[in-house]
Amino acid sequence: MRRPNKRPGMVRSFTFSLPLLLAWLLSPQPADAGNWPSVPLPEHAQGELVSSHMVHNNVPMRVSRFHTGMSPAQVIGFYQRHWKGQAKVTEFGDRQIIAYQQGGHFITLDVRGGSSGSQVQLGITELLGREPGHAPGHGFPQPERSQVISDTRYHDNPGRTIALESPQSTYQAWEWYRARLQQQGWKDDGQHRCSVMAVQCQAGYQRGSEVLSMTFNRAAQHTEIVANQMRR
Numbered sequence: 001m002r003r004p005n006k007r008p009g010m011v012r013s014f015t016f017s018l019p020l021l022l023a024w025l026l027s028p029q030p031a032d033a034g035n036w037p038s039v040p041l042p043e044h045a046q047g048e049l050v051s052s053h054m055v056h057n058n059v060p061m062r063v064s065r066f067h068t069g070m071s072p073a074q075v076i077g078f079y080q081r082h083w084k085g086q087a088k089v090t091e092f093g094d095r096q097i098i099a100y101q102q103g104g105h106f107i108t109l110d111v112r113g114g115s116s117g118s119q120v121q122l123g124i125t126e127l128l129g130r131e132p133g134h135a136p137g138h139g140f141p142q143p144e145r146s147q148v149i150s151d152t153r154y155h156d157n158p159g160r161t162i163a164l165e166s167p168q169s170t171y172q173a174w175e176w177y178r179a180r181l182q183q184q185g186w187k188d189d190g191q192h193r194c195s196v197m198a199v200q201c202q203a204g205y206q207r208g209s210e211v212l213s214m215t216f217n218r219a220a221q222h223t224e225i226v227a228n229q230m231r232r
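Using the working numbering, you'd call the opening residue of the sequence shown number 1 and step up by one each time.
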């Protein structure tokens, strides 16, 4: 999965183990799924909240991260003791993924580091009792034959980040959005241009209190598009 670009002035990057997560998303949802569970941090850990409530590809979740002087093995031991050995630990490249289901939520801790300490990203995902009513990217214009890679909505600070791929050239995609967005009432901020041979372009639009910034980057057989929408 490709990572969405950062929204201007805000950190919105995160990772989680997609194979582990997908296996749980359509599990039956217990009655207490609406309350986010509390996950303890190791003593002296320094952390920050990334998002208290976001919806990634139609799945409600919250994300935080922290640093601890513990090694990855010690972090795993801490959580295995807390969850009485019921957590699943999987090696994923240079990371260790701790996964645990608690009621109507699935908890993952993405642990990386060494003997000097660990960086941990904590994700709590609400398990869905049924498939979402609409596909990721719903309501956002998409060129023909394009594919939505990710769609993330932020509820604690309203905004949305969409990443997609289009078979169009960079210029064709840039022009397509310029025409389509203007039809929908968006105004070009006039700060960006895109040439026919360009492999990278940017665009900016405004509609009332809404601001939309876009990047277009040519890859081997497609153009990667990231759109960041937020309110001023």
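In this text, a Cβ means the ideal position worked out from N, Cα and C, and glycines have one as well.
Sixteen is the threshold: since fewer than 16 other Cβ atoms of the shown chains lie within 10 Å of the Cβ of Met-197, the residue is exposed.
The segment 36-45 and the segment 118-132 touch, with no fewer than 3 CB-CB distances between them shorter than 8 Å.
Counting only residues of its own chain and dropping the five nearest sequence neighbours on each side, Arg-207 has a CB closer than 6 Å to the CB of Gly-185, Trp-186. Under DSSP, no beta-bridge partner is assigned to Tyr-79.
The alpha-carbon separation between Gln-202 and Leu-212 amounts to approximately 11 Å. Under the DSSP assignment, Glu-175 falls in the alpha helix (DSSP H) whose first and last residues are 170-183. For Val-196, no pairing in a beta bridge is given by DSSP. The alpha carbon of Gly-93 has as its nearest neighbour, out of Ala-99, Arg-112, Gly-47, Gly-103, the alpha carbon of Arg-112. If you ignore the 5 residues before and after Met-61, its C-beta comes within less than 7 Å of the C-beta of Met-54, Gly-123, Ile-124, Thr-125, Glu-126, all in its own chain and listed in chain order.
Uninterrupted beta strand (DSSP E) stretches at least 3 residues long and entirely within the segment 32-99 occur at 46-56, 59-68, 88-92, given in chain order.
Only residues of its own chain outside the window of five on either side were considered, and among them Ser-51, Met-54 have a CB closer than 6 Å to the CB of Tyr-154, listed in chain order. Around Ser-195, the same chain offers no residue with a beta carbon nearer than 6 Å, after the five sequence neighbours per side are excluded. With distances taken between CA atoms, Pro-132 lies nearest to His-56 out of His-56, Phe-216, Gln-221, Ala-220. Contact holds between the segment 218-225 and the segment 158-178, because three or more Cβ pairs, one in each stretch, are under 8 Å apart.
Ile-107 has its alpha-carbon roughly 13 Å from the corresponding atom of Val-59.
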